[in-house]
Amino acid sequence: MIYQIEPLDDLFFRSSVPFDAGGETTVLHSVFPPLPSTYAGAFRPLLKDQLNSSRSLKIGFNGLMWDSAFCYPLPADLYIAEEGEGQVWSVRNKKLIKTPISSYPLSYMMGIQETKAKKLKEHIVPYMKEDAMRAYLHGDSEDLTCINLNDKMVRETKLGIAIDPKSGVSKDQQMYTILRIRPDEKLKMTVDVQAELIKDQGVIKLGGEGRISNFVKMDMEPDVGQSSGDSRYFKLYLATPAVFRNGWIPGWIDPESFEGYFSHRNKLVRLKLISACVGRPVPWGGFGKRQPEREGEPEYRPREMRYAVPAGSVYYFEITEGSFEAAVKLFHKKCISDYREKLGFDYRVFNKSRYCDRGFGYSMIGRLTKEQEDILNV
């Protein structure tokens, strides 16, 4: 079920930046939107099946909604060309070119088609609305646009000081500053909670300070369509951060030959990774319950730090065995991270990659543009 979340106060989502007394960090910025695992912790108290909460709770699609329309991070194989009316930015496809002699390991790389791309004078957070994302996934290269969500979020500074829990008085030299987020009234968070809750609407505690937020079940779902065709190539778009065993390379792809296969039940495709547009890694850790490995070890402790591939990253694959239709059924609207929360980040029984149950790696399948297909076929 898709739930819409509307915060009633400023939000703060802790990043992995060290924030200890005496450290170099003076201001801690909030992450927004939050990582998918944040929603699992927020909705777990509302599950009907509390005994098997870690197994019954699954997070699917999660992201943002602006003005009643689902929004997706701008794909990394697009670049901003020019600004239009009403804070709408025109975007274009990067050119697919044969890799010259360099350290870049893949056969093809992306380059900007124009000599002068738009020089941004301000920091923007580009997102594509659902109609634009649908056109992008269907291989359209004209009239693609994005919006800037940076000006739809207000950042407010909070100055605080550490309190001694025993005496209740402030501690010396332990002041801190955090930068919290207050979204616009039209900017909502959305999440697909694949579990049975005790109610369809209510309040949850969200973020590092447990701020109260309203949630309500929606009647609509994300609909970007489904690409079809008989092409030997497709692009895989990540709508949420993904955690892979080999860093930026999925665990089912050999990091030497960049070939591999993905299977589930009676579906199988053999693929070759030919190009990729990947952003900077996103550190992901957290704090939670884990089975103590040694006597005296605390049950609740920090989790192992991982680096996730950021949302908006795009992978280009060539199908060496199988069909485009099989690839769509295996990847489209599925979570494909290699690691799972409830099995200690790795599979101790299964050797094959399986779908993640914490919302990391929500992927979509799209077609290449006609120009890109022609380049690859030549």
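In our numbering, the protein residues as written are 45 to 422.
From the three backbone atoms N, C-alpha and C, an ideal C-beta is built for every residue, glycine too.
> Would Tyr277 pass as a contact of Ala320 if the rule is Cβ separation under 8 angstroms?
Replying inline: What you label residue 277 is simply residue 233 of the sequence shown in a count that begins at 1. What you label residue 320 is simply residue 276 of the sequence shown in a count that begins at 1. No; because the gap between Cβ atoms is not below 8 angstroms, this pair is not in contact.
>> Once DSSP output is grouped into helix, strand and coil, what is the label at Leu79?
In response: For the purposes of this step, residue 79 is taken as the residue at position 35 of the sequence shown. Residue state, collapsed to three classes: coil.
> Who are Glu360's beta bridge partners in DSSP?
Replying inline: Position 316 of the sequence shown, counted from the first residue, corresponds to residue 360. Checking the displayed sequence, the identity of residue 360 turns out to be Tyr instead of Glu. Per DSSP, Lys279, Ser319.
>> I'd like the list of long-range same chain contacts for Phe404, defined as Cβ closer than 7 angstroms, with 5 residues on each side in sequence excluded.
In response: Taking the sequence shown and counting its residues from 1, one reaches residue 404 at position 360. These residues qualify, in order along the chain: Pro80, Thr284, Pro285, Ala286, Val287, Ala352, Cys379, Ser381.
> What residue range is occupied by the uninterrupted beta strand (DSSP E) comprising Asp236?
Replying inline: Position 192 of the sequence shown, counted from the first residue, corresponds to residue 236. First-last of the beta strand (DSSP E) with Asp236: 231 to 237.
>> Helix, strand or coil for Arg178? Go by DSSP, reduced to three states.
In response: Here residue 178 is taken as the residue at index 134 of the sequence shown, counted from 1. Helix.
>> Tell me which residue opens and which closes the alpha helix (DSSP H) that Asn421 is part of.
In response: On the sequence shown, residue 421 is found 377 positions in, with the first residue counted as 1. Residues 414 to 421.
> Mapping DSSP to helix, strand and coil, what is Pro89?
Replying inline: As a first step, residue 89 is located in the sequence shown; it is residue number 45 there, counting from the start. Pro89 falls in the helix class under three-state DSSP.
>> Quick check: is the beta carbon of Glu229 nearer than 8 angstroms to any beta carbon in chain D?
In response: Reference to chain D is not applicable here, since this structure consists of a single protein chain.
> My guess is that Ile409 and Tyr152 are in contact by the Cβ rule of under 8 angstroms, so how many angstroms apart are they, rounded?
Replying inline: Within the sequence shown, numbered from 1, the residue matching residue 409 stands at position 365. Within the sequence shown, numbered from 1, the residue matching residue 152 stands at position 108. The pair is not a contact, with the Cβ atoms about 18 angstroms apart (cut-off 8 angstroms).
> Would Ser357 pass as a contact of Val313 if the rule is Cβ separation under 8 angstroms?
Replying inline: As a working note, residue 357 is residue 313 in the sequence shown. As a working note, residue 313 is residue 269 in the sequence shown. In this structure, Val313 does not lie closer than 8 angstroms to Ser357 by Cβ.
> CB-CB under 6 angstroms to Val135, same chain, minus the five flanking residues each way: which ones, in chain order?
Replying inline: What you label residue 135 is simply residue 91 of the sequence shown in a count that begins at 1. Correct list, in chain order: Leu122, Ile124, Leu188, Cys190.
>> If I measure Cβ to Cβ from His308 and keep anything under 7 angstroms in the same chain, skipping five residues before and after, which residues do I get?
In response: The residue given as residue 308 occupies position 264 in the sequence shown. So the list reads Leu374, once near-sequence residues are dropped.
> Taking Cβ to Cβ, would you say Leu55 is nearer than 8 angstroms to Arg224?
Replying inline: Counting from one through the sequence shown, the residue named residue 55 turns up at place 11. Counting from one through the sequence shown, the residue named residue 224 turns up at place 180. Contact flag set, yes.
> Do you know whose CA, among Glu253, Lys138, Phe302, lies nearest Thr413's CA?
Replying inline: Here the question's residue 413 lines up with position 369 in the sequence shown. That would be Lys138, whose Cα lies nearest to the Cα of Thr413.
>> Output needed for Leu387: all residues of its chain with C-beta closer than 6 angstroms, excluding positions within five of it in sequence on either side, in chain order.
In response: Mapped onto the sequence shown, residue 387 falls at position 343. The pLDDT assigned to Leu387 is 45, lower than 50, so where the model puts this residue is not dependable, and the model offers no usable value.
> By the 10 Å Cβ neighbour count, where 16 or more other Cβ atoms means buried, how is Ala206 classified, buried or exposed?
Replying inline: Indexing the sequence shown from 1 puts residue 206 at position 162. Answer is exposed; the Cβ neighbour count stays below 16.
> Roughly how many whole angstroms lie between the Cα atoms of Met154 and Leu181?
Replying inline: Sequence index remark: in the sequence shown, residue 154 carries index 110 (1-based). Sequence index remark: in the sequence shown, residue 181 carries index 137 (1-based). In a straight line, the C-alpha of Met154 is about 17 angstroms away from that of Leu181.
>> When you compare the CB positions of Val260 and Tyr47, do they come within less than 8 angstroms of one another, or not?
In response: Counting from 1 along the sequence shown, the entry for residue 260 is found at position 216. Counting from 1 along the sequence shown, the entry for residue 47 is found at position 3. Going by C-beta atoms, Val260 is nearer than 8 angstroms to Tyr47.
>> Using CA atoms only, rank isn't needed, just tell me which of Gln270, Asp195, Ile419, Ile242 is closest to Arg226.
In response: As a first step, residue 226 must be located in the sequence shown, where it is residue number 182. Closest option to Arg226, Cα to Cα, is Asp195.
> Based on the DSSP output, what are the partners of Cys190 in its beta bridges?
Replying inline: Locating residue 190 in the sequence shown gives position 146, counting from the first residue. Its beta-bridge partners are Trp133.
> What number of angstroms, rounded off, separates the C-alpha of Gly252 from the C-alpha of Arg199?
Replying inline: Residue 252 sits at position 208 when you count from the first residue of the sequence shown. Residue 199 sits at position 155 when you count from the first residue of the sequence shown. Answer to the nearest angstrom: the Cα atoms are 16 angstroms apart.
>> Beta-carbon within less than 7 angstroms of Trp296's beta-carbon, same chain only, minus the 5 sequence neighbours each way: which residues are those?
In response: Your numbering for residue 296 matches position 252 in the sequence shown. If we look at Trp296 and ignore the five residues flanking it on each side, its Cβ neighbours are Gly304, Tyr305, Phe306, Ser397.
> Do you know how far the Cα of Thr221 is from the Cα of Val71?
Replying inline: By 1-based counting over the sequence shown, the position of residue 71 is 27. By 1-based counting over the sequence shown, the position of residue 221 is 177. Distance between Val71 and Thr221, taken at the CA atoms: about 5 angstroms.
> For Leu424, which of helix, strand or coil comes out of DSSP?
Replying inline: What is shown of the chain runs 45 to 422, which leaves residue 424 out entirely.
>> On a Cα-Cα basis, can you pick out the residue from Ala176, Pro51, Val235, Gln218 that is closest to Leu101?
In response: The sequence position of residue 101 within the sequence shown is 57, counting from 1. Put simply, of Ala176, Pro51, Val235, Gln218 the residue whose alpha carbon is nearest the alpha carbon of Leu101 is Val235.
> In this structure, does DSSP put Phe389 in helix, strand or coil?
Replying inline: As a working note, residue 389 is residue 345 in the sequence shown. Because the pLDDT at Phe389 is just 44, under 50, the model does not fix this residue reliably, and the point stays unresolved.
>> Going by the DSSP bridge assignment, what does Gln48 pair with across the sheet?
In response: Position 4 of the sequence shown, counted from the first residue, corresponds to residue 48. According to DSSP, which records beta bridges pairwise, Gln48 is partnered with Thr234, Val260.
> Does the separation of the CB atoms of Met197 and Leu231 fall below 8 angstroms?
Replying inline: Here residue 197 is taken as the residue at index 153 of the sequence shown, counted from 1. Here residue 231 is taken as the residue at index 187 of the sequence shown, counted from 1. A contact, by the Cβ cut-off of 8 angstroms.
> In whole angstroms, what is the alpha-carbon distance linking Pro209 and Asp216?
Replying inline: Taking the first residue of the sequence shown as position 1, residue 209 is located at position 165. Taking the first residue of the sequence shown as position 1, residue 216 is located at position 172. Distance between the alpha carbons of Pro209 and Asp216: 14 angstroms.
> Per DSSP, what kind of secondary structure is Phe368 in: helix, strand or coil?
Replying inline: Within the sequence shown, numbered from 1, the residue matching residue 368 stands at position 324. Phe368 falls in the helix class under three-state DSSP.
> Roughly how many angstroms separate the alpha carbons of Glu369 and Met177, rounded to a whole number?
Replying inline: Here residue 369 refers to the residue found at position 325 of the sequence shown. Here residue 177 refers to the residue found at position 133 of the sequence shown. If I take the Cα positions, the gap works out to 20 angstroms.
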